[in-house]
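Visitor: Chains A and B, in that order, are what the protein sequence lines are. Numbering-wise (the numbering used here), the first sequence opens with residue 1 and increments by one. Numbering-wise (the numbering used here), the second sequence opens with residue 1 and increments by one. Where a beta carbon is used, it is the ideal one built from N, C-alpha and C, also for glycine.
Protein chains: 2
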Amino acid sequence: MQPTLTVFYIASFFTVLLAFCFAAYLCAWVKSQKASNQKIEKVSALIKTGANTFMRKEYTVLAKFALVAAIIIFLLLPAPVWSGNVIDNIIMVIAYVAGTIFSAIAGKLGIFAATIANRKAAEAAKEGIKPAFLVGFRGGAVMGLAVVGSSLLGVVAVMLFTNDTTALLGFSFGASSLALFAKAGGGIFTKTADVSADLVGKVELGIPEDDPRNPAVIADNVGDNVGDVAGMGADLFDSNVASMTAALVMAVSLDQATDGAINTAMVLCYAALGLLSSVIGIATAKIGKNGNPTRALNSSTYVTTAVFVILTAAATAIFEGFRWEIWGASAVGLVVGVIIGIATDYFTDDTKPIVKNVARASRSGPAFTILSGVSYGFISCLPAMIGIAISALVAYNLCDGLGEGYAMFGISMAAVGMLSIVGMIISNDAYGPIVDNARGLAEMGELGDDVLRITDELDSAGNTVKAVTKGFAIGAAGLTVISMLGAYMSEVNAAAVELGKELLTGFDIMNPTVFFGMLVGAAIPAVFSAMLMLGVDRNAQRMVAEIHRQFKEIKGLKEGKEGVEPEYEKCIDIATKGALKELIPAGLVAIFATLVVGFIGGVSAVGGFLVGNIVSGLLLSLFMSNAGGLWDNSKKYVEAGNEGGKGSEAHKSAVVGDTVGDPFKDTAGPSINTQITVVSLVASLMSTLFLTVSIF
Amino acid sequence: MQPTLTVFYIASFFTVLLAFCFAAYLCAWVKSQKASNQKIEKVSALIKTGANTFMRKEYTVLAKFALVAAIIIFLLLPAPVWSGNVIDNIIMVIAYVAGTIFSAIAGKLGIFAATIANRKAAEAAKEGIKPAFLVGFRGGAVMGLAVVGSSLLGVVAVMLFTNDTTALLGFSFGASSLALFAKAGGGIFTKTADVSADLVGKVELGIPEDDPRNPAVIADNVGDNVGDVAGMGADLFDSNVASMTAALVMAVSLDQATDGAINTAMVLCYAALGLLSSVIGIATAKIGKNGNPTRALNSSTYVTTAVFVILTAAATAIFEGFRWEIWGASAVGLVVGVIIGIATDYFTDDTKPIVKNVARASRSGPAFTILSGVSYGFISCLPAMIGIAISALVAYNLCDGLGEGYAMFGISMAAVGMLSIVGMIISNDAYGPIVDNARGLAEMGELGDDVLRITDELDSAGNTVKAVTKGFAIGAAGLTVISMLGAYMSEVNAAAVELGKELLTGFDIMNPTVFFGMLVGAAIPAVFSAMLMLGVDRNAQRMVAEIHRQFKEIKGLKEGKEGVEPEYEKCIDIATKGALKELIPAGLVAIFATLVVGFIGGVSAVGGFLVGNIVSGLLLSLFMSNAGGLWDNSKKYVEAGNEGGKGSEAHKSAVVGDTVGDPFKDTAGPSINTQITVVSLVASLMSTLFLTVSIF
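The structure is reproduced here in structure tokens:
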């Protein structure tokens with residue numbers, strides 16, 4: 001069978017439609033769950049308002065940023081407006097803005113569902129673990145489906161309207177801009193609130209987590225939503241768009257050479273089947289009455305994986321011209337993604353030896369918690385790095401025989417494969433903050449210890465699964481950026497042809513211009529993440545001062561007098577303003593460094609810059625995410641009564657580890673992904689300029 | 001003027017002779033200083049015996065390792081013994097063994113002088129800061145001159161006897177093998193003792209540092225010598241030999257093409273002038289009666305730098321055929337080295353803002369000490385990475401016009417330039433542990449508070465300068481390994497010509513085999529340093545148990561009863577055995593990974609592996625060395641009475657930072673250099689095998 005490309009476009013649209021309908025159904029289902037507790041309603045309204053406030057401010061700042069970016073894009077891209085076609089530049093601007101808007105809408109929908117699901121899940125926990133799990137999971141699934149549906153919709157729409165992959169890069173850049181704000185800004189927000197709430201509440205005053213007297217408690221819950229739900233969603237929206245973009249850039253160029261459309265069709269088909277697999281995986285997720293939520297989450301991931309592999313195999317068998325080698329590449333990517341997830345789990349699951357080792361080391365004091373965590377964090381990078389390396393190598397060699405350019409296309413399809421189940425991944429990931437919030441609401445709504453036990457169990461499953469999904473997300477981003485390197489070279493060569501310059505054949509490490517770029521590029525993720533962490537630190541100091549002020553000035557607050565309430569909004573406000581203020585310099589450093597390297601060393605230096613950035617970025621993000629997860633779970637392991645339990649020396653040390661790990665795993669580590677994508681896209685978009693203006 | 005190559009060989013020999021004579025004079029001068037305090041004599045004899053015990057054991061294990069390596073070398077290198085010339089293989093073995101022996105002798109001489117200088121410096125401090133400084137500095141200078149003299153001697157001897165640069169690689173590999181043991185093994189030893197002594201002494205029992213009741217106190221002092229004096233010496237011996245080797249490999253191949261010897265002559269000339277400059281710098285080092293030791297150390301470094309630049313300029317003007325472009329490359333290397341040192345100083349000097357920021361953050365608890373230290377540590381990598389990148393770029397572009405192959409030669413000469421003042425650097429560096437020991441001896445010899453104040457000031461200067469020299473050493477190692485990459489390619493192509501295989505033109509990042517190697521290579525320094533740190537941790541636990549045992553079983557020890565002494569040797573024994581036991585797996589992982597990558601992906605994958613290793617290795621070693629220095633000095637800053645001073649919350653947090661920083665800066669960080677060199681040499685030596693046997 002050999003349908004035309006149009007058929008695949010239409011099929012993609014219908015898949016997106018199906019996903020949206022299903023998401024709407026799930027959202028309605030969650031909304032229809034009963035909720036009656038007044039306290040919970042009140043607090044959850046505060047959370048919702050806080051989240052909306054943050055997102056409104058964030059989007060306002062983003063809008064200004066996007067405006068500046070849009071003007072620059074209009075002036076310079078794809079070619080300077082005074083030298084090229086004005087229409088092309090307008091299309092670029094529209095694509096860019098569409099990228100930010102699509103991602104923003106998906107984030108909004110996700111937050112909307114999540115802030116409903118959290119209170120419904122809290123109340124459902126009164127009935128048992130089964131209904132509570134389903135509410136949490138389905139609330140998260142709305143985010144998953146919204147993100148993947150809208151990313152596929154956006155990509156397909158841009159392709160259909162413009163038939164121009166450079167516009168697709170613009171769309172992808174828009175998505176990255178938003179992800180930078182949502183992930184890094186949200187990451188700073190959530191950790192500011194978390195650290196400050198813990199520092200004053202738990203450490204200074206000794207009041208429990210989620211105690212409503214703590215002025216930062218609502219900000220903390222808001223942070224879960226804006227950092228983990230919206231931030232992670234934007235991050236994966238970005239990765240997903242980037243992987244499809246990179247694959248389409250190469251597919252279109254391969255198709256142009258043969259006057260066909262088969263590779264483009266294949267990318268669309270696989271992307272749509274990935275979304276379909278996620279829909280099936282989500283629909284079949286279930287848990288027994290006393291079932292294990294971790295197992296339930298993992299098993300639906302495996303279902304999605306299997307469905308994707310089978311469906312794509314069927315498509316490859318049915319459609320004439322689809323190559324088995326490319327199917328193999330995507331399957332390898334997916335399988336390696338799962339393996340990376342499992343390896344991450346080994347280093348961060350508290351039933352495995354590593355977490356226990358760190359907990360044991362904590363007995364000797366906080367320095368040993370840190371040293372052992374850093375060490376295991378370093379070691380934990382190895383399996384993922386090898387996994388990414390091998391999947392790239394296998395994908396390349398599988399597809400190399402198909403003709404020139406197919407090898408890099410194979411790598412991009414491995415990334416598409418790895419990201420195919422991203423809908424499922426986001427669902428699992430958004431589940432975490434929903435049930436975490438539910439736990440907080442259950443505490444504040446005084447639903448009793450039985451309910452807390454259930455929400456604790458749901459929360460713990462969220463933490464475990466989070467490590468796996470995070471490893472997966474980093475792995476997928478790694479493969480994506482490798483294929484973006486290919487996209488960068490395609491862009492450079494397209495520009496070189498137009499300018500009549502020499503074509504690039506690659507980036508030779510022995511070329512010192514490349515090497516120069518590489519060393520600078522390698523330092524950027526370190527600087528970027530350091531700036532974010534210092535930002536959290538500064539911001540937390542401001543918030544701690546505010547909490548102290550409230551406890552001092554609001555009479556009866558500390559004693560928990562009836563009717564006395566802290567000024568929650570002030571804390572939310574500090575976290576919001578500070579997050580955006582601290583984020584922008586870090587983002588600018590990364591973008592600015594790309595430009596400086598490009599104008600000094602030209603396109604080769606930028607190639608090296610991207611590689612250095614990818615290599616050190618992958619290493620640092622894996623290290624920070626895994627070490628953070630490890631410390632978090634070590635603390636939980638000690639709190640569960642091991643190594644002396646709560647209040648012991650080991651516990652104090654483990655708390656230090658967790659506090660260090662929080663910005664590692666929730667602010668800096670996962671933001672590096674976005675930084676890499678932003679830098680890759682800036683490089684691709686500026687390639688014409690780097691070709692024409694550079695010192696060396 | 002255009003003398004023959006022989007003249008340069010002879011001149012090199014005479015420079016070495018001059019350096020050795022000067023070292024002998026300094027050693028005799030130090031020895032002639034008076035010393036009378038019985039207690040100090042006794043303790044310093046213990047330290048000397050301990051250091052000798054460790055080195056004997058270390059050399060025994062090393063001898064076994066070297067035997068295995070020698071057999072493998074005999075069988076396989078430069079070509080399998082059954083296929084090639086047996087004489088060549090025997091030469092390789094001899095060169096390899098000579099590399100280990102030359103380095104070992106230099107280390108022995110240094111330790112010999114250092115263990116005399118420490119007690120003489122303690123007693124000289126009674127007379128004032130000026131004599132004490134001179135004793136400390138000149139004791140360190142013996143090490144500096146011995147290391148640089150014997151490295152130049154070894155390289156010249158190998159070249160003269162074999163006229164074969166592959167044999168030089170063998171010599172360099174020997175030096176690296178020893179450095180791996182001395183630096184990493186010594187690093188584990190010193191931190192095991194330091195951490196254990198502090199943990200039980202200062203934290204548990206509240207007795208002062210260097211208290212003679214503490215069973216680990218001698219081991220701690222021994223550690224300063226074997227880790228910092230011998231380890232750092234072996235590390236820089238290794239870097240120095242590697243930089244000369246890389247430059248000579250390329251010089252000889254350039255000279256062969258033109259049937260000349262001018263480039264080889266230039267390398268020898270510059271190396272000899274570097275040694276001569278260090279002799280002059282050391283000879284002119286002085287301090288006023290109430291002078292500032294930090295300034296004295298730094299100013300002799302600047303003298304050496306200026307002398308080297310002037311002397312090499314003169315040589316370039318005098319000798320026909322010496323190119324100014326190459327002089328420029330070496331000068332750029334040296335200047336950038338100094339700049340890197342100054343940048344490092346900014347991040348680690350307690351009169352600069354960064355150290356103060358970390359001290360202030362410590363008020364909020366240890367988690368903030370760690371977070372801010374990690375963040376600034378990350379940022380501190382940027383100047384050095386840019387510096388290395390720019391010096392490579394400038395050197396390349398300066399020399400690129402001279403003809404094919406000159407560009408990479410220019411980079412190697414930048415490394416030679418950067419390392420030219422290594423004699424001075426080692427002198428400054430060995431000064432640190434000598435005065436640190438002197439402080440301990442003054443305490444144990446009860447020389448009174450005035451003397452302690454002087455030794456404290458000397459010690460503090462040592463710490464400040466150490467950060468600078470460490471940054472310098474890492475920078476130099478960075479440039480060296482870049483030029484070793486060039487040497488690796490030369491070796492591969494030499495082998496390819498013999499085997500009739502295709503020549504390599506470079507390592508293209510877009511080639512997934514290269515990329516595969518790069519990702520794996522990037523993970524290795526992380527794993528290597530993690531294994532060393534975990535080794536320190538495990539070893540410290542053993543020693544803490546031993547200290548506890550002694551305090552429990554030896555009656556009167558805790559109370560400080562007259563005549564009761566701890567069993568110092570037991571602690572030394574534990575540190576020694578543990579260090580060697582923990583080191584070997586880490587070293588093998590690095591070597592084994594190189595082999596696996598080579599046999600999977602062949603020479604291109606190994607090229608990528610080396611690059612990944614260099615990039616992430618530089619980043620991590622800069623990060624760990626600088627963060628460690630930063631924490632150390634933050635603690636000292638707090639102890640000087642800031643942020644609440646000793647005993648405050650900030651102090652407790654700063655101590656945690658220092659404890660984390662110790663293995664960072666003294667074990668893992670600087671050992672990564674050696675790991676990179678070892679891996680580069682293994683790659684060069686095995687290139688023929690990788691060419692013939694590989695999967696992809």
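(1) Taking only the alpha-carbon atoms, compute the straight-line gap between A:Ile-482 and A:Ala-257 and give it to the nearest angstrom.
(2) Which of the three DSSP states, helix, strand or coil, is assigned to B:Asp-194?
(3) Mapping DSSP to helix, strand and coil, what is A:Asp-508?
(4) Determine the chain B residues that contact A:Asn-511 at a beta-carbon separation under 8 Å, and present them in chain order.
(5) Is B:Asp-436 a contact residue of the ligand MG, with contact defined as CB to any heavy atom under 8 Å?
(6) Just to confirm my understanding: we take B:Ser-586, look at its own chain, exclude 5 residues before and 5 after, and list those with CB closer than 6 Å. What are they?
(7) Compute the distance between the beta-carbons of B:Ser-372 and B:Ala-650, then report whether it is under 9 Å.
(8) Roughly how many angstroms lie between the CA atoms of A:Val-435 and A:Thr-455, to the nearest whole one?
(9) Could you check whether the stretch 595-608 of chain B touches the stretch 507-521 of chain B, counting it as contact only if at least three pairs of C-beta atoms, one from each stretch, sit closer than 8 Å?
(10) As a quick exercise: from A:Val-679, A:Arg-542 and A:Lys-577, pick the residue whose alpha carbon is nearest that of A:Val-200.
(11) For B:Val-497, is the classification buried or exposed, using 16 other Cβ atoms within 10 angstroms of its Cβ as the cut-off for buried?
(12) Between B:Arg-295, B:Phe-409 and B:Ile-73, which lies nearest to A:Asn-511 when the distance is taken from Cα to Cα?
(13) Is the shortest distance between the beta-carbon of A:Ile-379 and the beta-carbons of chain B less than 9 Å?
(14) Using a Cβ distance threshold of 8 Å, determine whether the stretch 662-680 of chain B contacts the stretch 625-636 of chain B, with at least three qualifying pairs required.
(15) Should A:Ile-90 go down as buried or exposed, given a rule of 16 or more other Cβ atoms within 10 Å for buried?
(16) Any contact of the stretch 163-181 of chain A with the stretch 287-307 of chain A, i.e. 3+ C-beta pairs under 8 Å?
(17) Using C-beta distances below 7 Å, list every residue in its chain close to B:Thr-284, excluding the 5 sequence neighbours before and after it, in chain order.
(18) Do A:Met-55 and A:Val-226 have their CB atoms nearer than 9 Å?
(19) Where does B:Lys-108 fall in DSSP's three states?
(20) Would you call the stretch 667-675 of chain A in contact with the stretch 173-190 of chain A, where contact means no fewer than 3 C-beta pairs closer than 8 Å?
(21) From B:Asn-85 to B:Ile-411, what distance separates their C-alpha atoms?
(22) Ignore the nearest five residues each way along the sequence and tell me which others in B:Lys-39's own chain have a CB closer than 8 Å to its CB.
(23) Between B:Val-422 and B:Gly-274, what straight-line distance do the alpha-carbon atoms span, to the nearest angstrom?
(24) On a Cα-Cα basis, can you pick out the residue from A:Pro-208, A:Ala-296 and A:Ala-494 that is closest to A:Lys-286?
(25) State yes or no: is the beta carbon of B:Pro-366 nearer than 9 Å to at least one beta carbon in chain A?
(26) Short check: CB of B:Leu-689 to CB of B:Leu-180, under 9 Å?
(27) Classify A:Ser-36: buried if its beta carbon has 16 or more other beta carbons within 10 angstroms, exposed otherwise.
(28) Out of A:Ala-272, A:Gly-136, A:Leu-452 and A:Asn-463, point me to the one whose CA is closest to A:Ile-111's CA.
(29) Go ahead and pull the three-state DSSP assignment for B:Asn-613.
(30) Does any CB atom of chain B fall closer than 9 Å to the CB of A:Thr-659?
(31) Name, please, each residue of chain B whose Cβ falls closer than 7 Å to the Cβ of A:Ile-482.
(32) Using the rule of at least 16 other Cβ atoms within 10 Å of the residue's Cβ for burial, across every protein chain shown, is B:Phe-14 buried or exposed?
(33) Between B:Ile-342 and the rest of its own chain, which residues show a CB-CB distance below 8 Å, the 5 nearest in sequence each way excluded?
(34) Can you list the residues of chain A that B:Leu-205 reaches, using a CB-CB cut of under 7 Å?
(35) Taking C-beta to C-beta, are A:Phe-189 and A:Ala-579 nearer than 9 Å?
(36) Can you look up A:Asn-89 in the DSSP assignment and give me helix, strand or coil?
Guide: Let's see:
(1) On the first sequence, residue 482 of chain A is found 482 positions in, with the first residue counted as 1. On the first sequence, residue 257 of chain A is found 257 positions in, with the first residue counted as 1. So the alpha carbons of these two residues sit roughly 23 Å apart.
(2) One-based indexing of the second sequence puts residue 194 of chain B at position 194. In the structure shown, B:Asp-194 adopts helical secondary structure according to DSSP, grouped into three states.
(3) As a first step, residue 508 of chain A must be located in the first sequence, where it is residue number 508. Looking at A:Asp-508 - three-state DSSP - the assignment turns out to be strand.
(4) For this step, residue 511 of chain A is matched to residue 511 along the first sequence. Correct list: Gly-506.
(5) The ligand MG is not part of this structure, which contains no ligands at all.
(6) Within the second sequence, residue 586 of chain B is the residue found at index 586, counting from 1. What sits at residue 586 of chain B in the sequence shown is Ala, not Ser. Phe-528, Met-531 and Leu-532.
(7) Here the question's residue 372 of chain B lines up with position 372 in the second sequence. Here the question's residue 650 of chain B lines up with position 650 in the second sequence. No Cβ-Cβ contact shorter than 9 Å links B:Ser-372 with B:Ala-650.
(8) Translated into positions along the first sequence, residue 435 of chain A becomes position 435. Translated into positions along the first sequence, residue 455 of chain A becomes position 455. Answer to the nearest angstrom: the Cα atoms are 7 Å apart.
(9) Result yes; three or more Cβ-Cβ pairs closer than 8 Å.
(10) In the first sequence, the residue the question calls residue 200 of chain A occupies position 200. Nearest to A:Val-200 by C-alpha distance, out of A:Val-679, A:Arg-542 and A:Lys-577, is A:Arg-542.
(11) Counting from one through the second sequence, the residue named residue 497 of chain B turns up at place 497. By the C-beta density criterion, B:Val-497 is exposed, having fewer than 16 other C-beta atoms within 10 angstroms.
(12) Walking along the first sequence from the start, residue 511 of chain A turns up at place 511. Distance check between A:Asn-511 and each of B:Arg-295, B:Phe-409 and B:Ile-73 places B:Phe-409 closest, using alpha-carbon atoms only.
(13) For the purposes of this step, residue 379 of chain A is taken as the residue at position 379 of the first sequence. Between A:Ile-379 and chain B, the shortest Cβ-Cβ separation is below 9 Å.
(14) Contact between the stretch 662-680 of chain B and the stretch 625-636 of chain B is present: three or more C-beta pairs spanning the two stretches fall below 8 Å.
(15) The residue labelled residue 90 of chain A in the question sits at position 90 within the first sequence. Exposed, since its Cβ has fewer than 16 Cβ neighbours within 10 Å.
(16) Because the criterion of three Cβ pairs below 8 Å is not met, the stretch 163-181 of chain A and the stretch 287-307 of chain A do not touch.
(17) For this step, residue 284 of chain B is matched to residue 284 along the second sequence. Here the set comprises Ser-300 and Val-303.
(18) Here residue 55 of chain A corresponds to residue number 55 of the first sequence, with the count starting at 1. Here residue 226 of chain A corresponds to residue number 226 of the first sequence, with the count starting at 1. Contact: yes.
(19) Working through the second sequence from its first residue, we reach residue 108 of chain B at position 108. DSSP places B:Lys-108 in helix when its eight states are reduced to three.
(20) In this structure the stretch 667-675 of chain A touches the stretch 173-190 of chain A; the number of beta carbon pairs closer than 8 Å is three or more.
(21) Along the second sequence, read from residue 1 onward, the residue named residue 85 of chain B stands at position 85. Along the second sequence, read from residue 1 onward, the residue named residue 411 of chain B stands at position 411. Each residue's alpha carbon lies about 33 Å from the other.
(22) Taking the first residue of the second sequence as 1, we reach residue 39 of chain B at position 39. Contacts found: Met-444, Gly-445 and Glu-446.
(23) Within the second sequence, the letter at position 422 stands for residue 422 of chain B. Within the second sequence, the letter at position 274 stands for residue 274 of chain B. CA-to-CA, the gap between B:Val-422 and B:Gly-274 works out to about 8 Å.
(24) In the first sequence, counting from the first residue as 1, residue 286 of chain A sits at position 286. If we check each option's Cα against that of A:Lys-286, A:Ala-296 comes out closest.
(25) Walking along the second sequence from the start, residue 366 of chain B turns up at place 366. Closer than 9 Å: yes.
(26) Position 689 of the second sequence, counted from the start, is the residue given in the question as residue 689 of chain B. Position 180 of the second sequence, counted from the start, is the residue given in the question as residue 180 of chain B. No, Cβ-Cβ distance for B:Leu-689 and B:Leu-180 is not below 9 Å.
(27) In the first sequence, the residue the question calls residue 36 of chain A occupies position 36. By the beta-carbon neighbour count (other beta carbons within 10 angstroms, threshold 16), A:Ser-36 is exposed.
(28) Translated into the one-based positions of the first sequence, residue 111 of chain A becomes position 111. Per the Cα distances, A:Gly-136.
(29) On the second sequence, position 613 is the one that residue 613 of chain B refers to. Three-state DSSP puts B:Asn-613 in a helix.
(30) Within the first sequence, numbered from 1, the residue matching residue 659 of chain A stands at position 659. It does; some Cβ of chain B falls within 9 Å.
(31) The sequence position of residue 482 of chain A within the first sequence is 482, counting from 1. Per Cβ cutoff of 7 Å: Phe-515.
(32) For the purposes of this step, residue 14 of chain B is taken as the residue at position 14 of the second sequence. Looking at its Cβ environment, which holds fewer than 16 other Cβ atoms inside 10 Å, B:Phe-14 is exposed.
(33) Taking the second sequence and counting its residues from 1, the one referred to as residue 342 of chain B is at position 342. Val-468.
(34) Along the second sequence, one-based indexing puts residue 205 of chain B at 205. Here the premise fails: no neighbours, minimum Cβ distance about 15 Å.
(35) As a first step, residue 189 of chain A is located in the first sequence; it is residue number 189 there, counting from the start. As a first step, residue 579 of chain A is located in the first sequence; it is residue number 579 there, counting from the start. For A:Phe-189 and A:Ala-579, yes; Cβs fall inside 9 Å.
(36) Looking up residue 89 of chain A in the first sequence gives position 89. Residue state, collapsed to three classes: helix.
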